[in-house]
Each structure stands twice: as C-alpha cells, then as structure tokens.
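> Residue numbers (my numbering): 12 to 503. Yeah, the Cβ is synthetic: ideal placement off N, Cα and C, and Gly gets one too. Before we start, here is the structure in question, set down as structure tokens.
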Amino acid sequence: MNADAHEPWWRDAVVYQIYPRSFQDSDGDGDGDLRGVAARLDHVAALGADAIWLSPFCPSPMADGGYDVANYTDVDPRFGTLADADALIVAAHERGLRVLLDVVPCHTSIEHPWFAEHPERYVWSDRHGPQNNWRAAFGGRAWSRDERSGRWYLHSFYPEQPDLDWRRDDVRAAMAGVLDFWIARGVDGFRLDALDRLLKDPDLRDDPPASGPPPLPEQGECATLDMRHSRNAPDIGDALAALCAGAGRDALLVGEVYLPADMIAPYLEHVDVAFAFELLHARWHAGAVRAAIASALALEGRAAWVLSNHDFPRLPDRVGMRNIRAAALLALTLPGPVFVYQGDELGMADGPGREPPHDRAGRDRHRHPMRWDDDAPHGGFTTGDPWLPAVEVVGGSVAAQAGDPDSVLALYRDLIEQRRELGEGMELVAAGEGVVAYRRGVQHVVALNLDDRPRPVPPAGEIVRFTHSDRCRRGATAPRELAPGEGFLARV
Ligand code: NOJ
C-alpha cells in the first residue's frame, strides 16, 4: 500500500500497458525486446502517461505468452538480459515514467525447476485421476497427469501452468521474495496476475453446476459451473498479506481479480486497486455502461479502469470503429487510475492472428505488433520476420498521426493532459436514451452518445475537447445533440 494515503502518485495515473513481444524489436529477430521498449519510451512520455506496465518478460517456454514463468528473477533471452531490464527502469524513470512489472503468483511454468525439485509446492490429486470436476480457464479439465510421477496436478489455466499451493509458507515466502527482488532493482509496483485463482477450497470440493450466467464472461465449460470452490477462497487475505509483504509500503499493487466489483473487497485490503472488468465487458449500450461504472465507483477510487488489454478483442472490434473516440473519452475522464493498452492510442484493431496460432485460446489477434511508421518494413516494428504479422491501422501509424490534431492519437494526448484538471469526484447525471453523462469535480461535464442515432444531451457550457475536433473546436458552446460515436468534455 502507498505510504501517503492522501495523495498517492497513482490516484489518477495513466498506466500504459506494454506487451514487450509486440512493442519494438531492437535486434531484428522478429520478437520485441526490452531494448526496443527503452527506445520507444519517448512515445509513451509524449502521450502523457505516468507509468508503464510491462507484461511478463521472465524466462518462459511461452505456452501462455510469458504468463508461464520458468524463473521469476531473470529475463528471457528473447527479451534481453537483466542489465537491459535495469537500463529500461532507469530510462523510464529519467522520463518521469514509473515502472510496473507483471508478477504471476498463481502458477509457474511446468518447466520451472520447482515442479521437478519441489513438487510439494503444487496442488496434487490424491486419486488416480482428477480430484474434482474443476475446469481450466481455457477449456478442458483443470487436472493433468504428470508423466514422471503418474500423479495428477491442478492447473487453473493451461496444463503447462501447474498451480502453486498457496496454503504453504514456503510458496508464500518464495513469491514475496520475487517482489522484493524487483523492488530492489527499482520497480515501482506490480500488476498481480489471476489473484482470484490464488487460493481455492482447502478440501478441493466439486464446483456445483451454475444456476445462471457467470458474473463475468468465462470461456467454455467454466461457465457451466458455479466456481465457488475453484477460486476466491474465503481466507484469500492470508495469502495476499504474505505475497504483498514482499513489495514494501510504497509500491503500487494492481490486482487482476477476475470478479465483479462487489466481490473484490477482501482483495482491496491488500492491493491498492483492482481492475474494473465489468466495464471492459459491458455492452456498448448506455444502460450497461452506466451500471458498470456505478458498480466500480462503489470501490471509491480503488477501481483501475481498463477497456482493453492483451486478453480481449481490441476496442474497434468490441465497441465498433465508430465508437473508439467516445470510448477513449470515457476511459480517460473517469476518476482513478486508468490502463491504456499499446495501440489503443492509434485506434488499432484486432489482426488476423496466424496459423498455427501461438495462443491456443485465440488471443494472437489482440497482440499484433505496434504500428510506428507506415513507410518502414513491418510498420517499423522489426527489420526481421515478425512473430505475428504487422497490420495496418485505419488512422495510420504513430508517425502518421503524430502531427495531425484531429487524429485518435491527438485525442488521447489532449484528454490525458486535460485529465489533471478534472478535480475530485464524479457523479452520473440524468441523460436521455443512449447517452452517458457525468460531472467531474465542480466544473467539468462529460457526455457521450452510445446510440446509433443522434441523441440530445444536457447543456454543458464550453467545449474543452470534442471527440472529433474537426467537428467542434475547443471554446465552442457544447452542442445539445451528439451524433453516434460523438462525445465531449466541457467546462460549465
Ligand atoms: C491473465 C493474463 O492476462 C493472461 O494473459 C493469462 O493467460 C492468465 N492470466 C493466466 O496467467
């Protein structure tokens, strides 16, 4: 937890998510790397972000894009070296950017030495087969047979990711040591992966059949079960306390807790903020978006807003290309920290992925290389053969959008700059059908039209930023009607 509870640096921070394999390749091998990230930090600083979150770069067989870690205290050679990580942390700090690392405590890679040398640290069935009916997040049963011992181990995700037994003190101490290791190297916080899966029912009881839809979307068979025993155990606080102790007092701890806001309180006793996944999954419909915001606002500044990341369809594919500017307006004017996934600031859409896929769960499409320069091979991402094909962006690359005041990139920059002026608090205000409107602080009003026809909006004073600056400039009187996909930030 942050030492100064009144004014933590992250209170309204913009955190830019970097997926290192797809950001910038520095050595022509087709994989992005840490030197590449360092070389592109000026883009992140120019955007106005406060921090970067780096998806995992530790040694990994890459069965789950690096979320299968084989050594928590080193760098995978495809991404560079520990010295490169140190240099990246310094380079970020020089630009006023804080650095968050992704730590994956729930499971290791099956190739982590612990699995062979310390099998007692994992969760095993005491039967000659699965212990129960639990399902893995990406499909299939959550138990697989270890060829070496013939015993069955638990995996909440891929079979290549055996779950650690978080009721064991040695597991808790080892993972707290990982946080401590990276804090000593200068990082400013962590995004903690899959926390709702950390601790399960101690008796490994069956999950009952689901009696309705899951609280958040689940893949395949997970949705057929009420996952009350396979995750989110009531004593999760003990495990989190032990884990978070490794981070010291000042680090920002962001929980990836895949639960609705009203189930997150026990996690927020130990981490600073947790992602508000209800908004990410909300249908682009005024009622659904309003409800998701209201539910996260109940967390009183402890919701981390996120509209896209490496796991889910990108914004144009989820909300529609017409609405990506309004989505940016929404995300960047909500109170509390907000996470922006690389490429969102360009309006980047999903790509085709590739065959055969790298990710069996179909997430390659959300992970195509960043688009730097339309005139350079592979959009400036690599001089080699990219691990996923470079895809064009409708509005153009960073270079193409940078000088255009009407671009999506300019909208992100302007909104991030303006965000500092919004003042405290937020109140949803009554608005007609299809419209979401709210007041920020005492002076600012935000309104956006999520409908597919023009809609009237409440009176709002003078425009600070319109989603489409070529339609309505700063200083103009806020219009009383918005076309589909339009929105504004105004000052009363
Ligand atoms: C959430 C991560 O964002 C995702 O990419 C990963 O597959 C799972 N956790 C399992 O670690």
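Counting along the chain, where does the alpha helix (DSSP H) carrying A315 start and finish?
It is not in any alpha helix (DSSP H) - A315 instead sits in the beta strand (DSSP E) that spans 314-317.
> Decide if the stretch 322-331 is in contact with the stretch 375-384; the criterion is three or more beta carbon pairs, one per stretch, under 8 Å apart.
Judged by Cβ distances under 8 Å, the stretch 322-331 makes contact with the stretch 375-384, as three or more pairs qualify.
> Do you know offhand how far P226's Cα is from D207's?
Answer to the nearest angstrom: the Cα atoms are 13 Å apart.
> Could you tell me whether the Cβ atoms of A81 and S120 are closer together than 7 Å?
Yes, these two residues count as a Cβ contact at 7 Å.
> For a test of your reading of the model: does the CB of Y506 fall under 6 Å from any non-hydrogen atom of the ligand NOJ? Yes or no.
Here the chain has residues from 12 to 503 only, and residue 506 is not among them.
> Check whether the stretch 167-178 and the stretch 104-122 touch, using three or more Cβ-Cβ pairs below 8 Å as the test.
Yes, the stretch 167-178 touches the stretch 104-122.
> What separation, rounded to the nearest whole angstrom, lies between the Cα atoms of N243 and I427?
Their backbone Cα atoms lie some 35 Å apart in a straight line.
> Where does V189 sit, in a helix, a strand or coil, going by DSSP?
If DSSP states are grouped into helix, strand and coil, V189 belongs with the helices.
> Using CA coordinates, which residue listed in R466, Y278, D273 is at the minimum distance from L209?
With distances taken between Cα atoms, L209 lies closest to Y278.
> Do G445 and R333 come within 7 Å of each other at the CB atom, strictly closer than that value?
Not closer than 7 Å, so no.
> Quick one: complete beta strand (DSSP E) runs, 3+ long, within the stretch 143-180?
Whole beta strand (DSSP E) segments, 3+ residues: 154-156, 163-165.
> Identify the continuous alpha helix (DSSP H) that holds G6 and give its terminal residues.
Any answer about residue 6 is impossible in this case: the structure gives the chain only from 12 up to 503.
> May I ask you to list the residues that DSSP assigns as paired with M437?
Answer by DSSP bridge pairing, in chain order: R451.
> May I ask you to report which of helix, strand or coil DSSP gives R378?
Coil.
> Taking the Cβ atom as the reference point for each residue, do A337 and L310 lie within a distance shorter than 7 Å?
No, they are not a contact pair.
> If you measure between the beta carbons of M359 and V404, is that distance less than 7 Å?
Going by C-beta atoms, M359 is nearer than 7 Å to V404.
> In or out: Q230 buried (at least 16 other Cβ within 10 Å) or exposed?
Looking at its Cβ environment, which holds fewer than 16 other Cβ atoms inside 10 Å, Q230 is exposed.
> Suppose contacts are defined by Cβ-Cβ distances below 7 Å. Is A153 in contact with R162 by that definition?
No, these two residues do not count as a Cβ contact at 7 Å.
> Taking 7 Å as the limit between beta carbons, can you name the residues of its chain near E232, skipping five residues before and five after?
Around E232: R146, G150.
> Looking at D87 and S71, is the spacing between their C-beta atoms short of 7 Å?
Against a cut-off of 7 Å, the Cβ pair of D87 and S71 comes out as a contact.
> Distance check for F499 and T488, CA to CA, integer angstroms please.
Rounded to the nearest angstrom, the two C-alpha atoms are 11 Å apart.
> State yes or no: is the C-beta of G41 within less than 7 Å of the C-beta of P397?
Cβ atoms of G41 and P397: closer than 7 Å.
> Hey, out of Y423, R371, V457, whose CA is closest to A74's CA?
Looking at the Cα atoms, R371 is the closest of the given residues.
> Need the endpoints of the alpha helix (DSSP H) that L345 sits in, please.
Neither: L345 is in no alpha helix (DSSP H) and is coded neither H nor E.
> Let me know the secondary structure DSSP gives T84 once reduced to three states.
T84 falls in the coil class under three-state DSSP.
> Could you check if L439 is buried or exposed, using at least 16 other CB atoms within 10 Å of its CB as the buried criterion?
Exposed: under 16 other Cβ atoms inside 10 Å.
> Around the ligand NOJ, which residues pass a check of Cβ closer than 5 Å to any of its heavy atoms?
The set, ordered by position in the chain, is D75, Y78, F168, D204, A205, D322.
> So for F90, helix, strand or coil by DSSP?
Three-state result, F90: coil.
> Tell me the DSSP secondary structure of G47 in three-state form.
In the structure shown, G47 sits in a helix (DSSP, three-state: H, G or I).
> Indicate whether L111 and A62 have their beta-carbon atoms separated by less than 7 Å.
Their beta carbons are under 7 Å apart, which means L111 touches A62 by this criterion.
> Which residues in the same chain have their Cβ closer than 8 Å to the Cβ of T235, if we skip the five residues on either side of it in sequence?
Contacts found: R146, P220, A221.
> Given a threshold of 16 other Cβ atoms within 10 Å of its Cβ, counted over all protein chains shown, does D15 qualify as buried or as exposed?
Because D15 sits at a pLDDT of 48, beneath the cut-off of 50, its placement in the model cannot be relied upon, and the point is left open.
> Where do the N-terminal and C-terminal ends of the alpha helix (DSSP H) with R424 fall, by residue?
It spans 419-430 - the alpha helix (DSSP H) in which R424 sits, taken as one unbroken run.
> For the beta strand (DSSP E) that contains W398, what are its first and last residues?
That residue, W398, is in no beta strand (DSSP E); it is neither H nor E in DSSP.
> Less than 7 Å between the beta carbons of P380 and A401, yes or no?
Result yes, Cβ atoms of P380 and A401 sit closer than 7 Å.
> For E289, report the span of its alpha helix (DSSP H) as first-last.
Where E289 is concerned, the enclosing alpha helix (DSSP H) stretches over 288-292.
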